[in-house]
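Asker: Numbering (the working numbering), first residue to last: 10 to 199.
1) What number of angstroms, rounded off, separates the C-alpha of residue 133 from the C-alpha of residue 175?
2) In the DSSP assignment, find the unbroken beta strand (DSSP E) run with residue 189 in it and report its ends.
3) Quick one: is residue 62 buried, meaning 16 or more other Cβ sit within 10 Å of its Cβ, or exposed?
4) Note down, in chain order, each residue of its chain lying with its Cβ closer than 7 Å to the Cβ of residue 194, except the 5 sequence neighbours on either side.
5) Find out if the Cβ-Cβ distance for the pair residue 90, residue 55 is shorter than 8 Å.
6) Suppose only complete runs of 4+ residues qualify. What are the alpha helix (DSSP H) ranges in the segment 138-163, listed by chain order?
7) Can you list, in chain order, the residues of its chain with a C-beta nearer than 7 Å to that of residue 46? Leave out the 5 residues immediately preceding and following it.
8) Whole angstroms is fine: what's the gap from residue 124's alpha carbon to residue 154's?
9) Do the segment 111-125 and the segment 180-189 make contact, defined as three or more Cβ pairs closer than 8 Å?
10) When DSSP labels each residue in this structure, what does residue 127 get in the three-state scheme?
11) For a test of the three-state rule: what should DSSP assign to residue 77, helix, strand or coil?
12) With H, G and I counted as helix, E and B as strand and the rest as coil, what does DSSP make of residue 57?
13) Out of 34, 49 and 17, point me to the one whose CA is closest to residue 128's CA.
14) Are the Cβ atoms of residue 68 and residue 58 separated by less than 8 Å?
15) Which residue comes first and which comes last in the beta strand (DSSP E) that contains residue 37?
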């Protein structure tokens, strides 16, 4: 079996790898006192778990959601609770081993541009950075009722599908939205 790429291709890949290593080896540290660009404030909301259920009710977790994200999608659209009802307790997501269901999206740029890295390789930029930010994500659940994977997919399609109410967040071309389902390790011992 022969290789599918030419020797010139592999030499170019090696040259880029060497240039990238040299760039990181000689990169100067950020000067002390440089202002850090903040992600902005966040609001604590409450996420109902898809997989973790106690009796018949999903466990509830407190999740921070960036305010800049909440300007584009409300807590109700994300299926998150703003307040707990009497008798409900919220658990911390951090350290729980739970990765909540999340919705991700970015606004596409109708005219993609070629970009060059500091070490000389090329990549195509398909997203728009209007407002200083390009990509968004937030936990995604259902505020009431039973939660199933298919119901979350249906709600996601209602927001970002062809006739979705939040389709405009993707822009006119090259925008993307995707749903990442909840992950949690569940174990049993003998």
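Glycine is no exception: its CB is placed at the ideal position from the N, C-alpha and C atoms. The structure displayed is predicted, hence computed values, not measured ones.
Answerer: Answer, in terms of the structure:
1) As a first step, residue 133 must be located in the chain shown, where it is residue number 124. As a first step, residue 175 must be located in the chain shown, where it is residue number 166. One C-alpha to the other measures close to 25 Å.
2) Counting from 1 along the chain shown, the entry for residue 189 is found at position 180. 185-189 is the span of the beta strand (DSSP E), which, as asked, contains residue 189.
3) The count along the chain shown starts at 1 and reaches residue 62 at position 53. So residue 62 counts as exposed.
4) In the chain shown, counting from the first residue as 1, residue 194 sits at position 185. 106, listed in sequence order.
5) In the chain shown, counting from the first residue as 1, residue 90 sits at position 81. In the chain shown, counting from the first residue as 1, residue 55 sits at position 46. Contact flag set, yes.
6) none
7) As a first step, residue 46 must be located in the chain shown, where it is residue number 37. Excluding sequence neighbours, residue 46 sits near nothing in its chain.
8) Counted from its first residue, the chain shown places residue 124 at position 115. Counted from its first residue, the chain shown places residue 154 at position 145. Answer to the nearest angstrom: the Cα atoms are 47 Å apart.
9) yes
10) As a working mapping, residue 127 is identified with position 118 in the chain shown. Note: residue 127 maps to coil in three-state DSSP.
11) For the purposes of this step, residue 77 is taken as residue 68 along the chain shown, with counting starting at 1. Reduced to three states, the DSSP call for residue 77 is helix.
12) Counting from 1 along the chain shown, the entry for residue 57 is found at position 48. Strand.
13) Position 119 of the chain shown holds residue 128. The shortest Cα separation from residue 128 among 34, 49 and 17 belongs to 34.
14) On the chain shown, position 59 is the one that residue 68 refers to. On the chain shown, position 49 is the one that residue 58 refers to. Yes. Within cutoff.
15) The count along the chain shown starts at 1 and reaches residue 37 at position 28. Residue 37 -> no beta strand (DSSP E), and no H or E assigned at all.
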